[in-house]
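Residue numbers (my numbering): 132 to 289. Below: one structure, written as structure tokens.
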């Protein structure tokens with residue numbers, strides 16, 4: 132998720148702390164601009180609704196699954212021709228995945244034939260929705276970030 136005001140925030144606490152700083156600086160009652168404060172409020176609302184920031188509220192077992200994400204991404208980041216996307220709480224792979232299908236199965240990815248994409252999710256995060264959703268719908272609902280493939284190794288930045 133691209134943001135203008137919350138770029139270096141990795142946790143919900145950091146987002147809240149940054150929001151307070153920005154509100155003190157840009158609130159109209161403190162000499163700030165109403166339009167800027169509205170932008171900050173809008174961005175803040177969309178960020179806190181992002182499933183990524185529900186992490187701290189999750190049980191410890193689920194947190195451990197999410198902690199594995201950098202390790203999982205590092206296993207596939209070097210595969211030539213693969214596009215890695217974080218959509219909500221799931222990792223999705225597209226592109227030239229066919230030559231790597233056995234390796235992807237070993238890592239724990241599942242194939243979604245209608246989307247022609249592979250996905251990884253924590254074991255308890257099965258979709259309860261019986262009607263199939265397009266990948267565009269899923270991206271719009273949960274937000275999507277593509278992993279930068281220029282680096283050889285993925286690391287979470289704090």
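Built from N, CA and C at the ideal position, the CB exists for glycine as well.
Rounded straight-line distance, which links the Cα of residue j to that of residue i
| i | j | result |
| --- | --- | --- |
| residue 164 | residue 170 | 10 Å |
| residue 289 | residue 159 | Reliability fails at residue 289, whose pLDDT of 36 lies under 50, so the model's placement of it is uncertain and no value is given. |
| residue 174 | residue 136 | 8 Å |
| residue 212 | residue 249 | 14 Å |
| residue 262 | residue 138 | 35 Å |
| residue 141 | residue 251 | 21 Å |
| residue 244 | residue 147 | 40 Å |
| residue 269 | residue 152 | 33 Å |
| residue 167 | residue 199 | 37 Å |
Check whether residue i and residue j have beta carbons under 8 Å apart
| i | j | result |
| --- | --- | --- |
| residue 215 | residue 224 | yes |
| residue 178 | residue 206 | no |
| residue 274 | residue 172 | no |
Own chain partners of residue i with C-beta closer than 8 Å, once the 5 adjacent residues on each side are dropped
| i | result |
| --- | --- |
| residue 247 | 225 |
From the options, residue whose alpha carbon lies closest to that of residue i
| i | options | result |
| --- | --- | --- |
| residue 221 | 154, 144, 204 | 204 |
| residue 234 | 254, 243, 210, 153 | 210 |
Contacts around residue i, its chain only, beta-carbon distance under 7 Å, and the 5 residues preceding and following it disregarded
| i | result |
| --- | --- |
| residue 242 | 249 |
| residue 228 | 213, 235, 249 |
| residue 155 | 161 |
Beta-carbon proximity list for residue i, same chain, < 6 Å, skipping 5 on both sides
| i | result |
| --- | --- |
| residue 134 | 174 |
query = Mind pulling the beta strand (DSSP E) runs of 3 or more residues that sit fully within the region 183-265?
reply = 213-218, 221-226, 241-243, 248-251
message = For a minimum of 4 consecutive residues, which ranges assigned as the alpha helix (DSSP H) are wholly contained in the region 141-182?
response = 143-157, 165-179
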